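Trainee:
Chains as they are written, first to last, in the working numbering: chain A, 34 to 265; chain B, 34 to 265.
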């Protein structure tokens, strides 16, 4: 097989993301503990997020708005004292969180880049925030292109690998979301390298196809250069 | 001169935007009228927006968060009844607002497209929302490319006109913001066509350079095809 282009997801593939959402959600549950038990807060937030996804899309700003909406609902419109201000502050902290590449990421990307692969970052989320995270990660120079997209479907991968590579058939997409990174990339005709992160947002969970000829699972991004070399 | 590529701003160039922000800000002032006079609300919101711009970037979601923060400050952390829920609803309404091209836009873009110019949409704001507005406008098919960017500076125009056109020197950028659409495009070596909208967000105001050889002001986008033809 001939692979020229490596697409990489960002959140939870190159750096932690879901952990930060979960920690903030823990804080929200604590802030709301006198109004609702943990399960109720979790369930209500998930409902509000789902309802807003079509309008807000992915990212911290929409998540913050959904946390506020959840708090308003669970406090019957009577949020005490600093509750809303505290949620706003928690959202801002998420946006200022330092970014550190996951173990092995630097070395893996450097090896792929040296081996001549075109690296393309393909990620959802808030435009400005994703750009800032990439800048803070120090990984920016390794990428030939960066595409921040509102949705990851097969047409996204077709378009991006056409524009920045030599087409989807000669590309591999690597990421932690079966639903967003792998299934639509396979549908577009690319290879999919599934690298699970230890937690996954419910919205991103999807069943892996059985025995797909262009799908592989690796337990670490460190194994990606070796896997590509073995396929060349 | 040879022009191959026409860059177009979206908000307040192709469709109304600032009007919707102003109307929502009017609603916020009314909601807060028992806590602060109109000038105080305006001033505080402008302050909060400015402080958050670095983290939130441009767009409705950040504006909604800044409205909530302003409301929390002006109510001393004791927002009455439905205030916060009403602000959230106002933000969602902004995101669902129908999009109608400004007068003359359809015809002007169709003429430019027929005349063989490559049209590139270059806009700031929330990624998903800008994509949705473009889809709702019915103008999407006229554009060879769409770039939603976190900031418009000279390097943005250099990069975009390089990628989608034949370089900044053979491109013209058209928009209503002297600060974001015109000055950085001129700096990149492009032509600038300034088409004022009747109101401008304070952040986007900038002085026009005196007698710049590559800057022209038109009072309507309808005059753009004629101006380009006269320069060909």
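Glycine included, every Cβ here is placed at the ideal spot set by N, Cα and C. Predicted model, so just to flag it, every value in this text is computed and none were measured.
Got a sec, what are the start and stop residues for the alpha helix (DSSP H) residue 219 (chain B) sits in?
Mentor: On the second chain, residue 219 (chain B) is found 186 positions in, with the first residue counted as 1. It spans 216-221 - the alpha helix (DSSP H) in which residue 219 (chain B) sits, taken as one unbroken run.
Trainee: So, under 8 Å CB-CB, residue 213 (chain A) and residue 157 (chain A) are touching, yes? Tell me the CB distance rounded to an integer number of Å.
Mentor: Position 180 of the first chain, counting from 1, holds the residue named residue 213 (chain A). Position 124 of the first chain, counting from 1, holds the residue named residue 157 (chain A). 7 Å between Cβ atoms; contact.
Trainee: State buried or exposed for residue 170 (chain A), treating a residue as buried only when at least 16 other CB atoms are found within 10 Å of its CB.
Mentor: The count along the first chain starts at 1 and reaches residue 170 (chain A) at position 137. Per the 10 Å Cβ criterion, buried.
Trainee: For residue 177 (chain A) and residue 105 (chain A), I'd like the C-alpha separation in whole angstroms.
Mentor: Position 144 of the first chain, counting from 1, holds the residue named residue 177 (chain A). Position 72 of the first chain, counting from 1, holds the residue named residue 105 (chain A). Distance between the alpha carbons of residue 177 (chain A) and residue 105 (chain A): 44 Å.
Trainee: Please go through the same chain and pick out, in chain order, the residues whose beta-carbon is closer than 6 Å to the beta-carbon of residue 18 (chain B), but skip the five residues on each side of it.
Mentor: As shown, chain B starts at 34 and ends at 265. That puts residue 18 (chain B) outside it, with no answer to give.
Trainee: Write down the C-beta distance between residue 93 (chain B) and residue 155 (chain B) rounded to the nearest angstrom, noting that I regard them as a contact closer than 8 Å.
Mentor: Stepping through the second chain from its first residue, residue 93 (chain B) is reached at position 60. Stepping through the second chain from its first residue, residue 155 (chain B) is reached at position 122. Rounded, the Cβ-Cβ distance is 19 Å, inconsistent with contact.
Trainee: At what residues does the beta strand (DSSP E) containing residue 105 (chain A) begin and finish?
Mentor: The residue labelled residue 105 (chain A) in the question sits at position 72 within the first chain. Note, residue 105 (chain A): premise wrong, no beta strand (DSSP E); alpha helix (DSSP H) at 93-107.
Trainee: For residue 115 (chain B), return the contacting residues in chain A, with the cut-off set at a CB-CB distance below 8 Å.
Mentor: Within the second chain, residue 115 (chain B) is the residue found at index 82, counting from 1. The answer, in chain order, is 110.
Trainee: Could you tell me the boundaries of the alpha helix (DSSP H) in which residue 234 (chain A) lies?
Mentor: Taking the first residue of the first chain as position 1, residue 234 (chain A) is located at position 201. Where residue 234 (chain A) is concerned, there is no enclosing alpha helix (DSSP H), given that its DSSP letter is neither H nor E.
Trainee: Which same chain residues, not among the five before or five after residue 267 (chain B), have their C-beta less than 8 Å away from its C-beta?
Mentor: Because chain B spans 34 through 265 in this model, residue 267 (chain B) falls outside it and cannot be assessed.
Trainee: Alpha carbon to alpha carbon, how far is residue 128 (chain A) from residue 160 (chain B)? Give it in angstroms, no decimals.
Mentor: Residue numbering aside, residue 160 (chain B) sits at position 127 when the second chain is read from its first letter. Residue numbering aside, residue 128 (chain A) sits at position 95 when the first chain is read from its first letter. Cα to Cα, the separation comes out at about 17 Å.
Trainee: Do residue 228 (chain B) and residue 251 (chain B) have their beta-carbon atoms positioned less than 8 Å apart in this structure?
Mentor: To locate residue 251 (chain B), count along the second chain from 1; it is residue 218. To locate residue 228 (chain B), count along the second chain from 1; it is residue 195. Cβ atoms of residue 251 (chain B) and residue 228 (chain B): closer than 8 Å.
Trainee: Closest to residue 77 (chain B) by C-alpha separation, out of B:96, B:87, B:88 and B:89, would be which residue?
Mentor: The residue given as residue 77 (chain B) occupies position 44 in the second chain. Of the listed residues, the one whose Cα sits closest to residue 77 (chain B) is B:96.
Trainee: Are the C-beta of residue 197 (chain A) and some C-beta of chain B separated by less than 8 Å?
Mentor: Start at 1 with the first residue of the first chain, and residue 197 (chain A) comes out as number 164. False, the Cβ-Cβ gap to chain B never drops below 8 Å.
Trainee: Using a 10 Å radius around the Cβ and a threshold of 16 neighbouring Cβ atoms, would you call residue 185 (chain B) buried or exposed?
Mentor: Translated into the one-based positions of the second chain, residue 185 (chain B) becomes position 152. With 16 or more Cβ atoms within 10 Å of its Cβ, residue 185 (chain B) is classed as buried.
Trainee: Please report how far the alpha carbon of residue 182 (chain B) lies from the alpha carbon of residue 179 (chain A), in whole angstroms.
Mentor: The sequence position of residue 182 (chain B) within the second chain is 149, counting from 1. The sequence position of residue 179 (chain A) within the first chain is 146, counting from 1. Distance between the alpha carbons of residue 182 (chain B) and residue 179 (chain A): 12 Å.
Trainee: Does the Cβ-Cβ distance between residue 208 (chain B) and residue 46 (chain B) come in under 8 Å?
Mentor: The sequence position of residue 208 (chain B) within the second chain is 175, counting from 1. The sequence position of residue 46 (chain B) within the second chain is 13, counting from 1. A contact, by the Cβ cut-off of 8 Å.
Trainee: Compare the C-beta of residue 83 (chain B) with all C-beta atoms of chain A and state if any pair is closer than 8 Å.
Mentor: As a working note, residue 83 (chain B) is residue 50 in the second chain. Closer than 8 Å: no.
Trainee: Quick check: the Cα distance between residue 39 (chain B) and residue 195 (chain B), rounded to an integer number of angstroms?
Mentor: Taking the second chain and counting its residues from 1, the one referred to as residue 39 (chain B) is at position 6. Taking the second chain and counting its residues from 1, the one referred to as residue 195 (chain B) is at position 162. Going from the Cα of residue 39 (chain B) to the Cα of residue 195 (chain B) covers about 12 Å.
Trainee: Whole-angstrom Cβ separation of residue 102 (chain B) and residue 234 (chain B), contact assumed at under 8 Å?
Mentor: What you label residue 102 (chain B) is simply residue 69 of the second chain in a count that begins at 1. What you label residue 234 (chain B) is simply residue 201 of the second chain in a count that begins at 1. Rounded, the Cβ-Cβ distance is 18 Å, inconsistent with contact.
Trainee: Give me the Cα-Cα distance between residue 42 (chain A) and residue 118 (chain B), rounded to the nearest whole angstrom.
Mentor: The residue given as residue 42 (chain A) occupies position 9 in the first chain. The residue given as residue 118 (chain B) occupies position 85 in the second chain. For residue 42 (chain A) and residue 118 (chain B), the distance between alpha carbons rounds to 35 Å.
Trainee: What whole-angstrom Cβ distance do residue 241 (chain B) and residue 211 (chain B) have, given they're in contact under 8 Å?
Mentor: In the second chain, counting from the first residue as 1, residue 241 (chain B) sits at position 208. In the second chain, counting from the first residue as 1, residue 211 (chain B) sits at position 178. The Cβ separation is near 6 Å, so the contact holds.
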